[in-house]
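Read left to right, the sequence shown gives residues 63 to 287 (the working numbering). From the three backbone atoms N, C-alpha and C, an ideal C-beta is built for every residue, glycine too.
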Amino acid sequence: MKKSTIALGAALALLVAGCGSKAEPGGSASQSAAEGAHTIVSTIPAPSLANNLLGDPAERDIIVYLPTSYYTSDERYPVVYFLAGYQEHVGMLDAPSDSMWAQIRKDGMKEFIIVEADGINTLDGVGGNFYTNSPVTGNAEDIVTEDLVSYIDGTYRTVAKASARGLSGFSMGGSGTINVGLKHPNLYAALYANSPASSLSRADSRTSWRRAEAGPRTPLPTSPT
63 MKKSTIALGA ALALLVAGCG SKAEPGGSAS QSAAEGAHTI VSTIPAPSLA NNLLGDPAER
123 DIIVYLPTSY YTSDERYPVV YFLAGYQEHV GMLDAPSDSM WAQIRKDGMK EFIIVEADGI
183 NTLDGVGGNF YTNSPVTGNA EDIVTEDLVS YIDGTYRTVA KASARGLSGF SMGGSGTINV
243 GLKHPNLYAA LYANSPASSL SRADSRTSWR RAEAGPRTPL PTSPT
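Now the structure itself:
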């Protein structure tokens with residue numbers, strides 16, 4: 063296994079283990095208590111949500127956590143994506159971020175960008191899209207694999223390749239990590255799912271594992287309904 067993949071796996075484990083309290087989205091940039099680290103709250107376009115039957119807007123709230131050296135270097139950084147759980151807004155990782163940066167520096171790991179996204183929708187008031195594509199709730203899988211990745215790579219100094227991307231999540235986000243990550247090994251080199259709520263069927267899981275082990279392939283066929 064490549065060292066970059068091992069490092070991403072360690073970063074994912076550290077990230078999910080540090081899940082904490084909530085912070086409300088606000089569309090602004092703020093200075094973290096960790097010197098030089100920045101937290102940026104944004105609302106980004108999500109064209110994959112267009113024409114959903116719930117009438118939800120085609121946009122998503124995200125939080126981007128930039129490493130301490132981001133504004134003092136020209137370096138490009140790996141990215142770890144975190145998917146929030148059911149009915150959970152972005153902000154779970156806000157409180158423990160200082161300890162995460164400190165642990166990264168202590169262990170001599172390469173700094174990385176953290177991107178937090180959620181799967182909130184208005185189904186039954188406040189629901190969740192489970193990061194799957196649906197004509198009813200919108201194409202939430204495509205938000206993760208297309209809208210979000212393209213926005214982050216186009217906005218920040220990232221290493222824009224699979225070997226420098228990790229995907230993680232908690233509960234609904236954990237199941238999204240499994241289902242999305244195994245279907246898209248061309249996008250993510252490391253996965254870490256914490257308490258996944260649900261996942262692919264056994265048959266689909268076997269197919270996804272085989273494709274992930276074999277490397278990038280064409281997208282999985284859609285299961286018959």
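Identity of the residue in the options nearest residue i by Cα
{"i": "V211", "options": "T134, L185, P109", "result": "P109"}
{"i": "L128", "options": "K172, E208, Q149", "result": "K172"}
{"i": "L253", "options": "R138, V142, D209, T101", "result": "V142"}
{"i": "N248", "options": "T134, K168, K223", "result": "K223"}
{"i": "N114", "options": "A202, G238, D215, G236", "result": "A202"}
{"i": "S257", "options": "G236, I106, G243", "result": "G236"}
{"i": "D215", "options": "I175, A112, Y193", "result": "I175"}
{"i": "N195", "options": "S230, G231, A112", "result": "A112"}
{"i": "S225", "options": "Y193, A251, A146, P119", "result": "A251"}
{"i": "I205", "options": "S131, L185, I102, P119", "result": "P119"}
{"i": "D123", "options": "G181, G228, L229, Y193", "result": "G181"}
{"i": "D313", "options": "G117, G189, E121", "result": "For the chain, the structure presents residues 63 to 287; residue 313 sits outside this window and is missing."}
Under the three-state DSSP convention, the category residue i falls into
{"i": "R122", "result": "strand"}
{"i": "E203", "result": "helix"}
{"i": "R279", "result": "Low local confidence applies: a pLDDT of 46 at R279 is under 50, so the model's placement there is unreliable, with the coordinate-based value given in what follows. Coil."}
{"i": "A222", "result": "coil"}
{"i": "V198", "result": "coil"}
{"i": "T213", "result": "Sequence check: residue 213 is Tyr here, not Thr. DSSP places Y213 in helix when its eight states are reduced to three."}
{"i": "R138", "result": "coil"}
{"i": "E208", "result": "helix"}
{"i": "V152", "result": "coil"}
{"i": "S66", "result": "Confidence is the limiting factor: at S66 the pLDDT is only 45, short of 50, which leaves the residue's position unreliable, though a coordinate-based value still follows. S66 falls in the helix class under three-state DSSP."}
{"i": "S92", "result": "Confidence is the limiting factor: at S92 the pLDDT is only 46, short of 50, which leaves the residue's position unreliable, though a coordinate-based value still follows. In the structure shown, S92 sits in a strand (DSSP, three-state: E or B)."}
{"i": "A164", "result": "helix"}
{"i": "K172", "result": "coil"}
{"i": "Y250", "result": "coil"}
{"i": "N241", "result": "helix"}
Near the ligand ADP: residue i beta-carbon under 7 angstroms from a heavy atom
{"i": "K245", "result": "In terms of ligand content, the structure shown is empty, and the ligand ADP therefore cannot be addressed."}
Strand pairing of residue i, partner residues [DSSP]
{"i": "G231", "result": "L145, A255"}
{"i": "G190", "result": "I182"}
{"i": "L128", "result": "H100"}
{"i": "P107", "result": "E121"}
{"i": "V177", "result": "V126, Y143"}
Supposed close pair residue i, residue j - CB separation, criterion 8 angstroms
{"i": "I240", "j": "A255", "result": "5 angstroms"}
{"i": "H151", "j": "T207", "result": "Going by Cβ atoms, the distance from H151 to T207 rounds to 21 angstroms, so no, they are not a contact pair."}
{"i": "V221", "j": "Y139", "result": "7 angstroms"}
{"i": "Y148", "j": "M234", "result": "4 angstroms"}
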